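Undergrad: Have a look at the structure that comes next, please.
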Ligand code: HEM
Ligand SMILES: [Cu+2]
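Here it is as C-alpha cells:
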C-alpha cells in the first residue's frame, strides 16, 4: 500500500498528470446541450449515459421491492402483508433486477462507453442501431412498468407455465411483452459489439492486445446472440398461449410444461454468464491498475472468457434435476456443471496471482474488486453443492439457492458494476468523487451483503423453501438477521448515489489518467472529446503494460 | 463484393469508418449475425415440431394431412421466384441499371404480397374446417388428442411468425424501393440492396424449412 493519500478525490496520485487538454466545449458532455442532442444522439458515450440513468432508476425500483420482501419476512406468520402482496413484491424484484438491471447493466453502460475507446475506434459500428436499442429497451421497460402500475404480477421472474399462462390472475401479459422486447435490445447491443470488435479495431490492435474487458464483452455478446432468440421464442409462445389460447405448454392444450423449462433455462443459465462475464472484465481492468502489475496469464483469461461462454450452453439441465428428467440426463448435466468451475477458477487464480507481490493500493475500485472476488468464490463453490445430484435433492428450491445466486449475481455483477463505476467515473464525467466516502460505502456493501445472504445458506440447509411468505417460528432469528443486513446494504447503495451526484458539480476536475492505468481509454481527455481521440492513439506494445511484469516470461510460454 | 461494381456505383463512407471496405465488412457481418439470431428464433419452434412428430407419428400425421398441401407448395414456388427477382435486383444494382433494379424490387414485393394473400386464403379454409383450436366459437374438429393439438398450435405459431417477418420485409422493401428510385441512390447506398437481399433470402429459407417440416414429412 503506497501513496494512498489524505485529500479526498484529487489527482493526488500523480501530481504531474497532464490536465485535460480539451476546451470545455469540445468534450462529449458539453459539445451540445439541448435535450434533442441527448435523445437523438448517436454518440456511444452519450447512449451509455442514457443507459446508466435508466438502469439506475430500475435498480431503485427493484431495491424497494426487495426491501418489501425482507420486511414481510421479519415475522414468521405473514402478518405484515397478504400472500398476494408478498408474491407480487418478489416478482417485481426479480423481474426488474434480472431483466432490467443485471443483464443490461455492465454491457449497456460501460461496454457502450468503453469498447470503442479501448479498441481505438471513433464509435460502434452501427451508431443508429445503438440508439435504437436504447429506445427498444425503454419500450420494454414501459410495458413492464404498466403491468406494475395496473397491479403487478405474481409468477416470479421465471414465468413458469402453466402458472403464467393459465392460473395467474395478474397482469402477466404486459410483463411478458416487456421482457420479450427487452431481449431484442440485448440482441442489438450484442450484435453491435461483435461487429465492432471484429471490424473497428485501430491498426495494430490485434486480438491478443485487446483488454480483457473487450474479450469479456465479446464472449457476452456471443451469448446475447445465440441464447436470447431461444428465450424470445419461449416468451412468444407464452404470450400466444395466454393471450390467444394457442398453447404449447399447458397440458390442457396438449402441451408440455417441462418444455418451457428447457427453453427457459437454455437461455437463462447462459444469462447468468451475461451477468458475470462483463463483471469479470471489469475486475480484470481494476486489479492490474491497483497492483500496477501486468495481468497474470493474459491469454488464459481471454480463453477462459470464451470457454465460459461455450460451456454455459450445456448445463441448463441442472435446474431440472427434480423435474423428472432421466437419470442419465441429470448425470450429464451435473458433470458438465462441474466443468464450468474450471474456467471460473482460472480467472480467480489469475486475479490473485496479479495481486500477489504487486504494489497494492486499496482505493475504492480495488475494495470493490476484492469484495467481488470473495463473493464470487463463495457463490461459485456453493454452485458445486447445487450441481451435486444427491445434495440438490435436499436444497433444491430452498433459500440455499437464493443465497447461491445472490452471491453470484449481486456479488458478481453489482460489486463489479460499482467498482467499474468508481474506476471510470473520472473518465465518464471529468470529475473525481470523494475517496473516503467511496471506501466507507464499499465496506458497508460488503458487510451488509454478507449479513443479508449468509444466513440464507443456513436457512436453506435447514429446509426453508423459497417463495413462501410464512415460515416456521424457529427460522425467525436468521430471517431477522437477514433483514437487518438488508438495511445496512441499502445504506451502502444510497451513499454512492449521493456523493457521485454531488461530485458532478463539486468534485475536483479529473486528469486524463487519475489511476496511472493502462489502456487506450486513458490516453484521451476526461471526459473524452466527441470523436474519442484528437489524434489516432498509439497502440501499446503489450496489453497491460504496467511497471511490474514479473510474470511476462511465463505468459509467453503459456 | 466491392469489386465488380460499375462506375458510379458505390457506398458513401460514414464518418466513424476509416474506409469503405471497413464499412462494407461491418454491414455484411452485421446482417449475418442478425440472420443467425433469426434462424435460432425459428429453429426452437421447428425442433419442437420435429420432436412431436417423432414421438407421436400417427396423431401428428393425421393432423398434418389437413394442412392445405397445394397452397403450401404453391407458396414455396412463389417465394423461390421472389428470391430470384431479389437476386436480379442485386445484380442490376451492381452494374448500375437503376430502373431494372427498381422493377425487380417491385416484382419481389409483389410476389411476397401474393404469398400473403394465398396464406390468408389458407387460414380462411382452416377456419372453415374448424381447424383453429384457439377459437372458442368454432369448436376444434380434428382428432382431439394432445399431440395433434400441440402440432396444430405449433403450425399456427410458426406460420404466423413467418408471415409477420414477410410482412415487415415487404414494408421495408417498398420503403427502400421508394428511396432507391431517386437519382444518385446507387452511388451512395448500393450496400443497402446487398444487405437487404440477404434478409429476403432468409425469409425464403425459413419457409423452405417450414414447408417440409409442417406439410410434407410422413405425408
Ligand atoms: C461454478 C459454477 C456454477 C454451478 C455449478 C452452478 C450450479 C447451479 C445449480 C445446480 C442450480 C440449481 C439449483 C436448484 O434449483 O436446484 C443453480 C441455480 C442457480 N444458479 Fe448457479 N451455478 C454456477 C454458477 C452460477 C453463476 C455464475 C450464476 C450467475 C451468474 C448462477 C446463477 C444461478 C441462479 C440464478 C440459480 C437459480 C435459478 C432458480 O431456481 O431461480 N450460477 N446453480
Ligand atoms: Cu444454471
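Chains as they are written, first to last, in my numbering: chain X, 6 to 563; chain Z, -1 to 217.
We put the beta carbon where it would ideally sit given N, CA and C, even for glycine.
Because the structure is a prediction, the values reported are computed rather than measured.
Could you give the DSSP three-state label for residue 225 of chain Z: helix, strand or coil?
TA: Nothing about residue 225 of chain Z can be read from this structure; chain Z reaches only from -1 to 217.
Undergrad: Can residue 227 of chain X and residue 314 of chain X be called in contact, C-beta distance under 8 Å?
TA: Closer than 8 Å, so yes.
Undergrad: Where do the N-terminal and C-terminal ends of the alpha helix (DSSP H) with residue 78 of chain X fall, by residue?
TA: Residue 78 of chain X -> no alpha helix (DSSP H), and no H or E assigned at all.
Undergrad: Would you kindly report the start and end of the unbroken alpha helix (DSSP H) that includes residue 190 of chain Z?
TA: Its alpha helix (DSSP H) spans residues 183 to 209.
Undergrad: If you compare alpha carbons, which of Z:92, Z:150, Z:36 is closest to residue 193 of chain X?
TA: Of the listed residues, the one whose Cα sits closest to residue 193 of chain X is Z:36.
Undergrad: For chain X, is any of its Cβ atoms less than 8 Å away from the one on residue 193 of chain Z?
TA: Not an interface residue.
Undergrad: Could you name the residues of the region 125 to 142 of chain X whose beta carbon sits closer than 9 Å to any beta carbon of chain Z, in the order they occur along the chain?
TA: Within the region 125 to 142 of chain X, the residues whose Cβ lies closer than 9 Å to some Cβ of chain Z are 126, 127, 128, 129, 130, 131, 132, 134, listed in chain order.
Undergrad: Relative to chain Z, which residues along the region 230 to 249 of chain X have a C-beta separation below 8 Å, given in chain order?
TA: Residues passing the 8 Å Cβ filter: 230, 231, 233, 234, 235, 237, 238, 239, 241, 242, 245, 249.
Undergrad: In the DSSP output, which residue or residues are listed as bridge partners for residue 9 of chain Z?
TA: For residue 9 of chain Z, which the question treats as bridged, DSSP gives the partners Z:187.
Undergrad: Chain X beta carbons: is any one of them nearer than 8 Å to that of residue 100 of chain Z?
TA: Answer no: the Cβ-Cβ gap between residue 100 of chain Z and chain X never drops below 8 Å.
Undergrad: Does the beta carbon of residue 132 of chain Z come closer than 8 Å to any beta carbon on chain X?
TA: Residue 132 of chain Z counts as touching chain X.
Undergrad: Name the one or two DSSP bridge partners that residue 403 of chain X has.
TA: Paired residues: X:470.
Undergrad: Answer yes or no: does any C-beta atom of chain Z fall closer than 8 Å to that of residue 322 of chain X?
TA: It does not: the Cβ of residue 322 of chain X has no partner Cβ on chain Z nearer than 8 Å.
Undergrad: Per DSSP, what kind of secondary structure is residue 436 of chain X in: helix, strand or coil?
TA: The answer is strand: DSSP assigns residue 436 of chain X an E or B state.
Undergrad: Under 8 Å between C-beta atoms, does residue 20 of chain Z make it to chain X?
TA: So, interface residue.
Undergrad: Using a C-beta to C-beta distance shorter than 9 Å, which residues of chain Z count as neighbours of residue 258 of chain X?
TA: Within 9 Å Cβ-Cβ: 131, 132, 144, 147, 148, 151.
Undergrad: Compare the Cα-Cα distances from residue 381 of chain X to each of X:394, X:370, X:421, X:404 and report the closest residue.
TA: Nearest C-alpha to residue 381 of chain X: X:421.
Undergrad: So is residue 28 of chain Z in contact with chain X if we call contact Cβ pairs under 8 Å?
TA: Interface residue, yes.
Undergrad: Using C-beta distances below 6 Å, list every residue in its chain close to residue 65 of chain Z, excluding the 5 sequence neighbours before and after it, in chain order.
TA: Excluding sequence neighbours, residue 65 of chain Z sits near 213.
Undergrad: Give me the DSSP bridge partner(s) of residue 32 of chain X.
TA: Answer is X:534.
Undergrad: Could you check the C-alpha separation between residue 189 of chain X and residue 248 of chain X for me, to the nearest Å?
TA: Distance between the alpha carbons of residue 189 of chain X and residue 248 of chain X is about 21 Å.
Undergrad: According to DSSP, simplified to helix, strand and coil, what is residue 2 of chain Z?
TA: Coil.
Undergrad: Does the Cβ of residue 274 of chain X lie closer than 7 Å to at least one heavy atom of ligand 2?
TA: For ligand 2, at least one heavy atom lies less than 7 Å from the Cβ of residue 274 of chain X.
Undergrad: How about residue 186 of chain X: is its C-beta nearer than 8 Å to some C-beta of chain Z?
TA: With 8 Å as the cut-off, residue 186 of chain X does not count as an interface residue toward chain Z.
Undergrad: Name the DSSP beta bridge partners of residue 553 of chain X, please?
TA: X:298.
Undergrad: Using a threshold of 7 Å, is the CB atom of residue 320 of chain X nearer than that to any non-hydrogen atom of ligand 2?
TA: Yes, the beta carbon of residue 320 of chain X sits closer than 7 Å to at least one heavy atom of ligand 2.
Undergrad: What is the rounded straight-line gap between the Cα of residue 33 of chain Z and the Cα of residue 81 of chain X?
TA: Near 52 Å, if we compare the C-alpha coordinates of residue 81 of chain X and residue 33 of chain Z.
Undergrad: Who are the near neighbours of residue 321 of chain X in its chain, counting only those whose CB is closer than 6 Å to its CB and skipping five residues on each side?
TA: Only 270, 271, 274 meet the Cβ criterion.
Undergrad: CB-CB under 7 Å to residue 526 of chain X, same chain, minus the five flanking residues each way: which ones, in chain order?
TA: Correct list, in chain order: 119, 122, 123, 432.
Undergrad: Heavy atom of ligand 2 less than 7 Å from the Cβ of residue 75 of chain Z, yes or no?
TA: Every heavy atom of ligand 2 is 7 Å or more from the Cβ of residue 75 of chain Z, so no.
Undergrad: Can you find a C-beta in chain Z that's less than 8 Å from the C-beta of residue 475 of chain X?
TA: Residue 475 of chain X does not count as touching chain Z.
Undergrad: Under 8 Å between C-beta atoms, does residue 187 of chain Z make it to chain X?
TA: No, because no Cβ of chain X sits closer than 8 Å to the Cβ of residue 187 of chain Z.
Undergrad: Sorry if obvious, but does the Cβ on residue 277 of chain X come closer than 7 Å to a heavy atom of ligand 2?
TA: The answer is yes for residue 277 of chain X.
Undergrad: What does residue 253 of chain X touch in chain Z if you count any residue whose Cβ is under 8 Å from its own?
TA: The answer, in chain order, is 46, 148, 151, 152, 155.
Undergrad: Beta-carbon of residue 139 of chain Z versus every beta-carbon of chain X: anything under 8 Å?
TA: No - not a single Cβ of chain X is within 8 Å of the one on residue 139 of chain Z.
Undergrad: Would you please state the rounded distance, in angstroms, between the beta carbons of residue 331 of chain X and residue 393 of chain X? I believe it to be under 8 Å.
TA: The Cβ separation is near 18 Å, so there is no contact.
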